[in-house]
Amino acid sequence: MMKRRYFLKCLGCGAVLTATSQTGLIPGIIGGIQNAWALDFTHELSDMEARYYKKLENGGVECILCPRHCRVTDLERGYCGVRENRKDVYHTLVYGRPCAVNIDPIEKKPLFHFYPGTTAFSLATAGCNCNCKFCQNYDISQSRPEQTDNMNLPPEEIVSSCLSRKVPIIAYTYSEPVIFYEYMYDTAKLGREKGIKSVMITGGYIEKDPLADLLNHLDAVKVDLKAIRDGYYKNIVDSELRPILNAILQIKKAGVWLELVYLVVPTLNDSESEFKDLASWIKTNLGLDTPLHFSRFYPQYLLKDLPPTPEKTLQMAHDICRAEGLEYVYLGNLPRHPAESTYCPKCGKVLIERAGYRILQNNLKGNYCSYCGHEIPGRY
Amino acid sequence: MYNIDMSRVIVVKWADRNHRRDFTTEEYKTLIDYGLRKLAGSDSVSGAVSKCLPVGVIGFKTNCLARKFNSTPVALCDALAETLGKCGFEENDIIIWDRSNDELEKAGFKLNASSFGRRCFGTNSNGVGYSRDFYSSGKVNSLVSRILTDLVNHNINLPILKDHSIAGLSGGLKNMYGAINNPNKYHIPNCDPYAAHISNLKPIKSKNRLTIIDAVRIQYHFGPGFDNRYLDYYNGLILSDDPVAADRVALEILEYFRRLHNLPSLEQDNRPVKYLDSASAIGLGESRLENIIIDTAVIDSDGRASTGELL
Chain Z
15 MMKRRYFLKC LGCGAVLTAT SQTGLIPGII GGIQNAWALD FTHELSDMEA RYYKKLENGG
75 VECILCPRHC RVTDLERGYC GVRENRKDVY HTLVYGRPCA VNIDPIEKKP LFHFYPGTTA
135 FSLATAGCNC NCKFCQNYDI SQSRPEQTDN MNLPPEEIVS SCLSRKVPII AYTYSEPVIF
195 YEYMYDTAKL GREKGIKSVM ITGGYIEKDP LADLLNHLDA VKVDLKAIRD GYYKNIVDSE
255 LRPILNAILQ IKKAGVWLEL VYLVVPTLND SESEFKDLAS WIKTNLGLDT PLHFSRFYPQ
315 YLLKDLPPTP EKTLQMAHDI CRAEGLEYVY LGNLPRHPAE STYCPKCGKV LIERAGYRIL
375 QNNLKGNYCS YCGHEIPGRY
Chain V
26 MYNIDMSRVI VVKWADRNHR RDFTTEEYKT LIDYGLRKLA GSDSVSGAVS KCLPVGVIGF
86 KTNCLARKFN STPVALCDAL AETLGKCGFE ENDIIIWDRS NDELEKAGFK LNASSFGRRC
146 FGTNSNGVGY SRDFYSSGKV NSLVSRILTD LVNHNINLPI LKDHSIAGLS GGLKNMYGAI
206 NNPNKYHIPN CDPYAAHISN LKPIKSKNRL TIIDAVRIQY HFGPGFDNRY LDYYNGLILS
266 DDPVAADRVA LEILEYFRRL HNLPSLEQDN RPVKYLDSAS AIGLGESRLE NIIIDTAVID
326 SDGRASTGEL L
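Chains as they are written, first to last, in this note's numbering: chain Z, 15 to 394; chain V, 26 to 336.
Here you go:
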């Protein structure tokens, strides 16, 4: 087994380092670890049997983890690129093989109503079950695991590291955690046993049964609801809207803390009617107190020909949703904008003042506004 | 005289229909030399090679997905390399390649990244990897192996003819999935139009000079992995400078074996090979059989060639 051991020293929280690849691989993200940290790199992929697949009568397997339901014959992989059929046994190749590890503020996810001001041990493997044309982590999400520099980091090591460094949360993020389901599931389960919380940052393209099982071990989920139109999902995300709305409803019903992000992409999902429909759907199905983050788009990956989202468009989205009655509407990637902060829907006072990922003041008392006593939803 | 608007495909077969084993290097060499001469319309192999392949570093893109039993044979590459060697190509100017070292080794190839002898390595080798920039064609956006973008001047596509559970046909166009970083994104439905668009990516289209499809042993069902319940022997090679026409002829052969073994056609099996028409529509080559001139030759054990039937 080929291994390299890297030692990183005292990296600042939130910093991102890129591994200098000696292999010609697409480099992963290895950084932001606060203290000296030994990382085991390995060229070996995992060969654990995957969960949520069925064998087909005439050979091959059908993956039932996500709604794509890839039918995969011997030696081939599913759309995600990290699950492979080997003699009709489906394998995950990325169990314990993250290519991106970092300690981030929880606000970076963004989760604004979930233990504000804390940090999360954040990790991702290669692969994704979608192909968003605006992906900001496409170098790992659109790669196969043999194309990234991967670490050997089993769940036990993550949890023990979190305990020793007093990091209270593990975030499965950056690419799409659904595709490293087994790794996420086992880590979250073990983490909960040891008092570490787990949050999933996802596009929500997952089947009902695996999501139900996973929700038993998660504390919060942030879903990137990328649009409220199926055409956008088909053309820009290479996915479909309905299963994602169903997953959001399922998360809400399970009582796991939920926040939504909507990346506003100029000309593609930024019309007044879309913002109205989005607000209406949230109001009807999730409730007015569901946090919604509008995020500013910057040209990336396959959408480099579009401009960044104009601030006035984001403001319009914000105003439409507030007028519809949504109580916690945020604007992201707009540093110092007042809509980065949390306001009490009853008295209007600033509850949590933010500047980027920093908390400037926190006026909550537990789950309540310290000024008027109004209950603020979330986990604090 | 051939109509210059038509594509040409050369099919060279072994005369002995009872030949049911893998070919030796010598046997491959006989077929390759004849096929190249016929394709180039040249009396000599060196004349044919100089017509088909400009001077430079030549890549042999293999298909090693299915390990030793169902991958591009080492003997085929040896034979082709020997032929090129005799035509003035330096050994070190030949790079046998595929996606990964592991797949090449499991298919029987000996890795060599040194500056001596014939080279052989995968895109995942030290210092190789994929292009920094994305290449786009239609619905495909991919990084392309640096072997193709940076290391070779020209490429010979050396697929093995086999059935594919999604694409229907795995031939030359499908083989180029092994040249990009994200092949898993481009399979459903039936690899159409992706197989066409991948071969239309600039580095692939501009460097592929020749397709030689190994049709010695055919996995006519349950491909692309190896399944010995569905194997038969055609004992031939398909050569063309038109990648679409080569695949179109390969499809005829694949469908013939499926009929022979009472299997439904690929279309009836919900795996229509539509990507050939998509490839034709974007100008990659000719997918209509009526516009393809197929020269079939049969070679006997003494190396004598005679005209034969495709099926």
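Cβ coordinates follow ideal geometry from the N, Cα and C atoms, glycine included.
> What does V/F247 touch in chain Z if you count any residue whose Cβ is under 7 Å from its own?
Replying inline: What V/F247 touches in chain Z: G73.
>> According to DSSP, is Z/C77 part of a helix, a strand, or is it coil?
In response: In the three-state scheme derived from DSSP, where H, G and I count as helix and E and B as strand, Z/C77 is classed as strand.
> How is the alpha helix (DSSP H) around Z/C176 delimited, first residue to last?
Replying inline: It spans P169 to R179 - the alpha helix (DSSP H) in which Z/C176 sits, taken as one unbroken run.
> In whole angstroms, what separates the C-alpha of V/N233 from that of Z/A369?
Replying inline: So the two alpha carbons sit approximately 54 Å from each other.
> Straight-line CA distance for V/R284 to V/E277?
Replying inline: Near 11 Å, if we compare the C-alpha coordinates of V/E277 and V/R284.
> Helix, strand or coil for V/A40 per DSSP?
Replying inline: Reduced to three states, the DSSP call for V/A40 is coil.
> CA-CA distance, V/T236 and V/F282?
Replying inline: Near 21 Å, if we compare the C-alpha coordinates of V/F282 and V/T236.
> From Z/D118 to Z/S136, what does the alpha carbon distance come to, in whole angstroms?
Replying inline: Looking at the two C-alpha atoms, the distance is approximately 7 Å.
> Apart from the five residues just before and just after V/K187, which ones in its own chain have a Cβ nearer than 6 Å to its Cβ?
Replying inline: Only S195, Q244, G248 and P249 meet the Cβ criterion.
>> My output table needs one value for Z/Q314: the three-state DSSP class, helix, strand or coil.
In response: DSSP places Z/Q314 in coil when its eight states are reduced to three.
>> Between V/Y300 and chain Z, is any beta-carbon pair separated by less than 8 Å?
In response: V/Y300 has a beta carbon lying at 8 Å or more from every beta carbon in chain Z.
> Going by C-alpha distance, which of Z/V364, Z/C142, Z/N260 and Z/L274 is nearest Z/S384?
Replying inline: Ranked by Cα distance from Z/S384, the first of Z/V364, Z/C142, Z/N260 and Z/L274 is Z/V364.
> Counting pairs of Cβ atoms below 8 Å between the region 210-221 of chain V and the region 122-133 of chain V, do you hit three or more?
Replying inline: Segments in contact, no.
>> Please give me, in chain order, every unbroken run of the alpha helix (DSSP H) with length at least 4 that falls completely inside the region 225-307 of chain Z.
In response: Whole alpha helix (DSSP H) segments, 4+ residues: 255-268 and 286-299.
> What span of residues does the beta strand (DSSP E) with V/F282 cover, start to end?
Replying inline: Counting along the chain, V/F282 falls outside any beta strand (DSSP E), though it belongs to the alpha helix (DSSP H) covering P268 to L285.
> How long is the line joining the alpha carbons of Z/E341 and Z/I296, rounded to whole angstroms?
Replying inline: Rounded to the nearest angstrom, the two C-alpha atoms are 11 Å apart.
> What are the partner residues of Z/R448, as DSSP defines its beta bridges?
Replying inline: Because chain Z here runs from 15 to 394, residue 448 of chain Z falls outside it and cannot be looked at.
> By the criterion of Cβ-Cβ separation under 9 Å, what are the contact partners of Z/D118 in chain V?
Replying inline: Using a Cβ-Cβ cut-off of 9 Å, Z/D118 is close to nothing in chain V; its nearest Cβ partner there is about 26 Å away.
> Quick one: any contact between the region 342-349 of chain Z and the region 371-388 of chain Z, if contact means 3 or more CB pairs under 8 Å?
Replying inline: Because the criterion of three Cβ pairs below 8 Å is not met, the region 342-349 of chain Z and the region 371-388 of chain Z do not touch.
>> Taking the alpha-carbon of Z/K180 as reference, which of Z/Q161, Z/T133, Z/E338 and Z/N143 has the nearest alpha-carbon?
In response: Per the Cα distances, Z/T133.
>> Just to confirm the assignment, what range does the alpha helix (DSSP H) spanning V/A104 have?
In response: Per DSSP, the continuous alpha helix (DSSP H) segment holding V/A104 begins and ends at V99 to K111.
>> Out of V/G163, V/D175 and V/R143, which one is the CA nearest neighbour of V/R157?
In response: Looking at the Cα atoms, V/D175 is the closest of the given residues.
>> Quick check on Z/C94 - is its C-beta less than 8 Å from some C-beta in chain V?
In response: Z/C94 counts as touching chain V.
> Would Z/P124 be called buried (16 or more neighbouring beta carbons within 10 Å of its own) or exposed?
Replying inline: It is buried - the Cβ of Z/P124 has at least 16 other Cβ atoms within 10 Å.
>> Could you tell me the alpha carbon to alpha carbon distance between Z/I210 and Z/K236, rounded to whole angstroms?
In response: If you draw a straight line from the Cα of Z/I210 to the Cα of Z/K236, it is about 18 Å long.
> For the alpha helix (DSSP H) that Z/C335 lies in, which residues bound it at each end?
Replying inline: Segment E325 to E338, the alpha helix (DSSP H) holding Z/C335.
> Would you say V/K210 faces chain Z, with C-beta separation under 8 Å as the test?
Replying inline: Cβ-Cβ to chain Z under 8 Å: yes for V/K210.
> What span of residues does the beta strand (DSSP E) with Z/K69 cover, start to end?
Replying inline: Bounds of the beta strand (DSSP E) holding Z/K69 are Y67 to K69.
> Which residues in the same chain have their Cβ closer than 6 Å to the Cβ of V/A330, if we skip the five residues on either side of it in sequence?
Replying inline: So the list reads Y59, A322 and I324, once near-sequence residues are dropped.
> Using a C-beta to C-beta distance shorter than 8 Å, which residues of chain Z count as neighbours of V/A40?
Replying inline: Within chain Z, no C-beta atom comes less than 8 Å from the C-beta of V/A40; the nearest is roughly 34 Å away.
> In the structure shown, what three-state DSSP assignment does V/F141 receive?
Replying inline: If DSSP states are grouped into helix, strand and coil, V/F141 belongs with coil.
> V/Q293: buried (16+ other C-beta within 10 angstroms of its C-beta) or exposed?
Replying inline: By the C-beta density criterion, V/Q293 is exposed, having fewer than 16 other C-beta atoms within 10 angstroms.
> Got a sec: is the Cβ-Cβ distance from Z/E286 to anything in chain V below 8 Å?
Replying inline: So, not an interface residue.
> So is Z/L70 in contact with chain V if we call contact Cβ pairs under 8 Å?
Replying inline: So no, Z/L70 is outside the interface.
> What residues of chain Z sit near V/N88, judged by a beta carbon separation below 7 Å?
Replying inline: Around V/N88, no beta-carbon contact reaches into chain Z at under 7 Å, the shortest distance being about 11 Å.
> From the beta carbon of Z/E389, is the nearest beta carbon of chain V less than 8 Å away?
Replying inline: Interface criterion not met: the Cβ of Z/E389 is under 8 Å from no Cβ in chain V.
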